[in-house]
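Read left to right, the sequence shown gives residues 0 to 416 (numbering that gives the first Met the number 0). Scroll down for the structure; my scribbles are underneath it.
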Amino acid sequence: MAVNIRMAWIFACFLLLLACKKTQQPSRFIDERFTLSATDKKPFGGYVARFMTDTLYGGNNITENGLTFNKWYDDFVLNSDNQRNEVYIIFSPAVRAFSKEADDMRSFVSKGNTLLIVTDELSKEVTDALGCEITDDAEVLSMMVRLQMVDTRLSIADSSSHAMLSYPYYYYPFLERVLIDSNKTDSIQWLGQNAAGKPHLARYSIGNGQVIVAGNARGLSNYFLLNGQNHGYLKTLLSYLPEYPAKIHWDLFFQRNVNRQPEDYSVFSALMAIPPLRWSFWILLALAAIWILSNLRRKQKMIPIVAPNSNTTVSFVQTIAQLYFNKQDHANVGRKLATHFTDYLRNNYYMPPLTMQAEWAYILHQKTGMTMTDAQETTRLIRKAQQSNDFSASDLMHLHSLIADVVNRKQKKATHQ
């Protein structure tokens, strides 16, 4: 048994060392994590896009924002002198803005500024506020076609000649397109096409400013821009911005919060959004209700009421006394009765021991309220019971009646108090 355990430990250590060695080997596959982060030099990071923007506009003229857009906009309104001709750039896999942020985006543009958004996903709040939507035509394709890498391309119109420039690369097809609500703008310019020839880049006006929105955000990845002359795609895109903007703001918040949950998100609503879990919840709730209703009736047998223990001391004493009385041992019963009564007097009336018969009778008369004659008779019978064996039945009955009179007098007095 010990040998088997030792061999198992050796085999486990061997597998652990093998796994550690495997992790140290360089992967043969590229890192496909999509971030567009300005510091990410991996294939789908955004280091090249940020570097080119800094080169074209000068890095000193670009400020970074890591706050939510509404907090940044409040500060912008308070501290910006002109509040016009400024540019806000959002390059992110997803822009999941809340309603207040989306409304502030519209206000920012309306003041005469430019908002540039390149992303694969817009929240409903942004769609409602800015009137733009990004859809993916790949969703209607089969899974086999959707996950197949092909030669694909993005096209963008040259800002000066308006000729359509095409930039190819090899990866999953660019099939996202942009939809603009014409009721929320007076002018729309379609500036680019996806691999299927559908518009994926648009510029339109809101108030005194403009919004430039594009899908297929992987077109700004390091992998795409470093492929051949594809850096021209970003250069042409940036040429649609104002030539001399007062300031350029680079968003970091949405890049860092790609998986941000909706404003009204809750775990319960997420569960209810999945049909199998929703039905499971309601079925479980119904079963619980049925179980509760079916168990409302008491199933346990009625517990009988146990009668309280009766005080048998009096019965016991009466039985013993009756036994002595039947044996005609009146002297013994008299002594016990006398002893019990003197203890009772000592505890309730603080009577002294019976030594001087005349004095004790007087004290008994004073404390209990007995007549002097009854007190003297009681004292005589107690003394006789203690000192003599010649104690008749009549003496016993007489002593008992005198003692009962004292006890009853005490009880009545306590009741009236």
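By construction, the Cβ of each residue, glycine as well, lies at the ideal position given by its N, Cα and C atoms. Computed from a predicted model, the values in this text were never measured in an experiment.
Distance check between Ser-154 and each of Leu-190, Leu-237 and Ala-128 places Leu-190 closest, using alpha-carbon atoms only.
Around the beta carbon of Arg-202, 16 or more other beta carbons lie within 10 angstroms, which makes this residue buried. At a Cβ-Cβ threshold of 7 Å, Val-86 and Leu-224 do not count as neighbours. When the alpha-carbon of Thr-338 is set against those of Leu-115, Leu-174, Ser-186 and Leu-380, the nearest one is in Leu-380. Cβ neighbours of Leu-178 within its own chain (closer than 6 Å, five residues either side excluded): Glu-132. Excluding five sequence positions before and after Ser-158, the CB atoms of its chain that fall closer than 7 Å to its own CB belong to Thr-235, Ser-238 and Tyr-239, given in chain order. Taking C-beta atoms as the reference points, Thr-118 and Ala-216 count as a pair closer than 7 Å. The region 330-337 makes contact with the region 390-407; the number of CB pairs closer than 8 Å reaches 3 or more. Measuring C-alpha to C-alpha distances from Gly-218 to each of Asn-64, Gln-321, Phe-90 and Ser-186 identifies Phe-90 as the nearest.
With fewer than 16 other CB atoms across the displayed protein chains lying within 10 angstroms of its CB, Gln-260 is exposed.
The criterion of a C-beta distance shorter than 7 Å is satisfied by Tyr-232 and Tyr-166. Per the Cβ contact rule, the region 191-200 is not in contact with the region 94-111 (fewer than 3 Cβ pairs under 8 Å). Phe-90 is bridged by DSSP to Val-117.
Tyr-168 is bridged by DSSP to Thr-151. Under DSSP, Gly-191 forms a beta bridge with Ile-155 and Leu-200. In the pairwise beta carbon analysis, the region 273-290 is classified as not touching the region 74-82: fewer than three pairs are separated by under 8 Å.
Pairing Gln-385 with Lys-409, the inter-Cα distance amounts to about 24 Å. The secondary-structure analysis by DSSP pairs Met-163 across a beta bridge with Ala-156. For Glu-376, the enclosing alpha helix (DSSP H) begins and ends at 371-386. Taking a C-beta distance under 7 Å as the contact criterion, Ala-93 and Val-125 do not qualify as a contact pair.
Non-local C-beta neighbours of Asn-60 in its own chain, meaning closer than 7 Å and more than five positions away in sequence, comprise Lys-246 and Ile-247, ordered along the chain. Within its own chain, the residues whose Cβ lies closer than 8 Å to the Cβ of Met-51, once the five positions on either side in sequence are excluded, are Leu-224, His-230, Leu-233, Lys-234 and Leu-237, listed in chain order.
When secondary structure is reduced to three states using DSSP, Leu-283 falls in the helix class.
Secondary structure of Gln-209 (DSSP, three-state): strand. Between the beta-carbon of Asn-256 and that of Arg-95 there is about 7 Å, and that keeps the pair under the 8 Å contact cut.
Closest by C-alpha distance to Gly-111, out of Leu-322, Ser-387 and Gly-206, is Gly-206. If you draw a straight line from the Cα of Gly-65 to the Cα of Ile-116, it is about 16 Å long. 7 Å or more divides the Cβ of Leu-251 from the Cβ of Glu-31. Secondary structure note for Thr-341: its alpha helix (DSSP H) is the uninterrupted segment 329-348. The beta-carbon separation of Ala-195 and Leu-164, rounded to 17 Å, does not stay under the 8 Å limit for a contact. Annotation: Lys-99 to Asn-69 spans about 6 Å, alpha carbon to alpha carbon. Close CB contacts of Asp-135 within its chain, under the 7 Å cut and outside five residues either way in sequence, are with Leu-174 and Glu-175 (chain order). When the Cα atoms are used, Asn-308 and Met-301 turn out to be separated by approximately 21 Å. The alpha carbon of Asn-226 has as its nearest neighbour, out of Leu-401, Thr-151, Trp-8 and Ser-181, the alpha carbon of Thr-151. Burial state of Tyr-349 is exposed, judged by a 10 Å Cβ sphere holding fewer than 16 other Cβ atoms. In this structure, the beta-carbon distance from Asn-221 to Pro-42 falls below 7 Å.
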